[in-house]
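Visitor: First residue of the sequence shown? That's 6 in the numbering used here, and the numbers climb one at a time after it. Heads up, the beta-carbon is just placed ideally off N, CA and C, and yes, glycines get one too. This is the structure I have questions about; it appears just below.
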Amino acid sequence: MELSRIQRRLLAVRFALSVLIFLQGQKADTADNLLTDPNFRRVHELQLELPDLGWYWQRIHTPCQVTTTPDSATVTLAGGTVFLDSAPRSLAPATQHQFQTDVAGNATFSIELLAWKPDGLPAAPHRMVLHKAAPLLSGTHTLRVTFRKPADMSLAQIRLVAAQGTAMVHAPALSVRAATLLLSLDAAKPGPRPTTHWRDLSGRNGDFTIGKGVRYAADRPSYVFAAGGARCCGARQDSAAFDFETDTAAGPGNGDPFTVVFYAKLTDGLSGPGIVNKLASSQQRGWSVGLIMDEFGLDRVTTFQQSNREQRTINGFPGLAGQSNARLNVKDGHFHCFIVHFTGSGQRDGSVYIDGSKEPLPLVGWPFGALSSGSIRNTAPLCIGAFGEHGFRGEIGFVEIWSGTRLGNGLTPAEYSSFRYRNGNPRRGS
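Dropping the structure here:
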């Protein structure tokens, strides 16, 4: 037996009203496990009111049965089709989360995320499939999924779906996904061959090869990029870790957020795009961060992600050529610390923080196009410096790349800006 269309509609209205009421008392949680009831001590069938703790279940295709064993943090879903939803939780904005649980049985099982706006209405997208429906294999397995919350989401729920069988769910956990340091280059500790190779202190990648036009300056310490096309590149076998697909190809909430950190200064003359880039060529797929000084004396940070020359998103901080005369004013002979965060959407968003500031620079988007289709993946190596003859001109002290929406010690990009800059004395060579 299935719920009628009218019953479903009434249930949706009641639920939306409950969410709106529930929102009033919620704040973003940063605990290790964001679920209010990971042991299944409060599991009830959905009635008229939305519980503020625990879980509730819905009969979709009867017969359905739900039993709990709180002492072993286990719930068993059995029957036709049953939904088990967590109580709504307020999650940190624009943050990547991870959900995991052990599961056993013979049902067809899936995991979904339900997203709600501050007014109690469904966010866009409202329903995200985190783990596609599939028959459970024999034995107990750990399912682990990640997601990035929609920009307009205020509350989130985890939905577990079991159909045509039995699923025993054990010890679920919802948490902020831990950051991963993918790259750490520092001219203060470049390795034993600093004039030809730059060692990655993270230990994840091979040495970067120092190209023509790049000079090691031990007294600063930094690498000087003084000629057209000057750059140093990593190995192709390490390149896949830096592809960072966007929502356009991966699906809403599944794009890869990441953050590029660099300590650099501009020198005499013009500086073009490409201080850090993963780009097959200027005409093809990839992404780039630039520290630019143009012919009008306007300095700025730019980012772009593209699947080709037509499908691309370009953002400027605090301005963009032809769109704003705003400038950074960092061509002062000093090094500056930049935190450049990509959300994973591939659209006109992201943030840039400079010299310890916790306030992001204004964003100006290129109005004549955006990445709306296609993958940005490519086989090119990650490079520091120019991707063309008119690339970055200046000096670089260090570069870091972090995957995820958080950085070291679980800090947000804004918090890491202050931590990394350290009042003008950033920690070097560690």
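Do GLY361 and ASN428 have their C-beta atoms closer together than 8 Å?
Guide: Yes.
Visitor: Kindly indicate which residue of VAL150, GLY59 and SER115 has the alpha-carbon position closest to the one of GLN101.
Guide: Nearest C-alpha to GLN101: VAL150.
Visitor: Enumerate, from N- to C-terminal direction, the unbroken beta strand (DSSP E) stretches of 3 or more residues contained entirely within the stretch 305-346.
Guide: List check, beta strand (DSSP E) in window: 317-322.
Visitor: SER180 by DSSP, collapsed to three states: which one?
Guide: It is a strand residue.
Visitor: When we look at the beta-carbon of THR200 and count the other beta-carbons within 10 Å, is it buried (16 or more) or exposed?
Guide: That one is exposed.
Visitor: Answer with buried or exposed for ARG198, where buried requires no fewer than 16 other C-beta atoms within 10 angstroms of its C-beta.
Guide: Exposed.
Visitor: Going by DSSP in three states, ARG425 sits in which element: helix, strand or coil?
Guide: If DSSP states are grouped into helix, strand and coil, ARG425 belongs with the helices.
Visitor: Could you spell out the range, first to last residue, of the alpha helix (DSSP H) harbouring ALA255?
Guide: From DSSP, the alpha helix (DSSP H) with ALA255 extends over 252-255.
Visitor: Whole angstroms is fine: what's the gap from ARG47's alpha carbon to TRP60's?
Guide: Taking the straight line joining both Cα atoms gives about 6 Å.
Visitor: Tell me whether GLN63 is buried or exposed, calling it buried when 16 or more other Cβ atoms sit within 10 Å of its Cβ.
Guide: Buried: at least 16 other Cβ atoms inside 10 Å.
Visitor: Identify every run of the beta strand (DSSP E) within the stretch 342-396, keeping only runs that are complete inside it and at least 3 residues long; order them along the chain.
Guide: If we require 3 residues or more, the beta strand (DSSP E) runs fully inside the stretch 342-396 come out as 356-359 and 388-390.
Visitor: According to DSSP, is ASN430 helix, strand or coil?
Guide: Looking at ASN430 - three-state DSSP - the assignment turns out to be coil, as it is neither helix nor strand.
Visitor: Which residues does DSSP pair with ASN282 in a beta bridge?
Guide: Answer is SER293 and CYS388.
Visitor: With GLY399 as the anchor, note down where its beta strand (DSSP E) starts and where it stops.
Guide: 399-408 is the extent of the beta strand (DSSP E) around GLY399.
Visitor: So what does DSSP say about GLN242, is it helix, strand or coil?
Guide: Looking at GLN242 - three-state DSSP - the assignment turns out to be helix.
Visitor: Among all the DSSP beta bridges, which residues are the ones paired with HIS131?
Guide: In DSSP, HIS131 forms no bridge with anything.
Visitor: Measuring CA to CA, which of PHE340, VAL404, PRO431 and VAL281 is closest to PHE397?
Guide: Nearest of PHE340, VAL404, PRO431 and VAL281 to PHE397, Cα basis: VAL281.
Visitor: In this structure, does DSSP put PRO248 in helix, strand or coil?
Guide: Sequence check: residue 248 is Asp here, not Pro. Of the three classes helix, strand and coil, the one that applies to ASP248 here is coil, per DSSP.
Visitor: Per DSSP, ASP205 is paired with what?
Guide: For ASP205, which the question treats as bridged, DSSP gives the partners LEU190.
Visitor: In terms of residue numbering, what span does the beta strand (DSSP E) encompassing THR147 cover?
Guide: It spans 146-153 - the beta strand (DSSP E) in which THR147 sits, taken as one unbroken run.
Visitor: Taking the alpha carbon of ALA109 as the reference point, which residue from HIS175, ARG432 and SER207 has its own alpha carbon closest?
Guide: It is HIS175.
Visitor: Can you name the start and end residues of the beta strand (DSSP E) that SER91 belongs to?
Guide: Start and end: 79-91.
Visitor: Please report the residue range of the beta strand (DSSP E) in which GLN70 lies.
Guide: Counting along the chain, the beta strand (DSSP E) containing GLN70 begins and ends at 60-74.
Visitor: Is the distance from the Cβ of LEU187 to the Cβ of ARG204 below 8 Å?
Guide: The answer is no: Cβ separation not under 8 Å.
Visitor: Exposed or buried, what is GLU405 when buried is set at 16 or more other beta-carbons lying within 10 Å of its beta-carbon?
Guide: Answer is buried; the Cβ neighbour count reaches 16.
Visitor: Distance, Cα to Cα, GLY393 vs ARG305?
Guide: Answer to the nearest angstrom: the Cα atoms are 18 Å apart.
Visitor: Going by beta-carbon coordinates alone, are LEU96 and ALA139 separated by less than 8 Å?
Guide: Against a cut-off of 8 Å, the Cβ pair of ALA139 and LEU96 comes out as no contact.
Visitor: Measure the alpha-carbon distance for THR106 versus ALA419 and round it to whole angstroms.
Guide: If I take the Cα positions, the gap works out to 31 Å.
Visitor: Report yes if the CB atom of SER91 is closer than 8 Å to the CB atom of LEU142, and no otherwise.
Guide: Contact: no.
Visitor: Tell me which residues share the same chain as ALA83 and place their Cβ nearer than 6 Å to its Cβ, disregarding the 5 neighbours each side in the sequence.
Guide: Here the set comprises GLN70 and THR171.
Visitor: Flag PHE114 as yes if its beta-carbon sits less than 8 Å from any beta-carbon of chain D, otherwise no.
Guide: Absent from the structure: chain D. Only one protein chain is present.
Visitor: Could you check whether the stretch 295-303 touches the stretch 209-228, counting it as contact only if at least three pairs of C-beta atoms, one from each stretch, sit closer than 8 Å?
Guide: Counting Cβ pairs under 8 Å, fewer than three are found: no touch.
Visitor: When the Cα atoms are used, what is the spatial distance from PRO278 to TYR268?
Guide: In a straight line, the C-alpha of PRO278 is about 16 Å away from that of TYR268.
Visitor: If distances are taken between C-alpha atoms only, which option among GLY399, ALA120, THR86 and LEU368 comes closest to GLY274?
Guide: Nearest C-alpha to GLY274: GLY399.
Visitor: Measure the alpha-carbon distance for PHE403 versus GLY374 and round it to whole angstroms.
Guide: Each residue's alpha carbon lies about 32 Å from the other.
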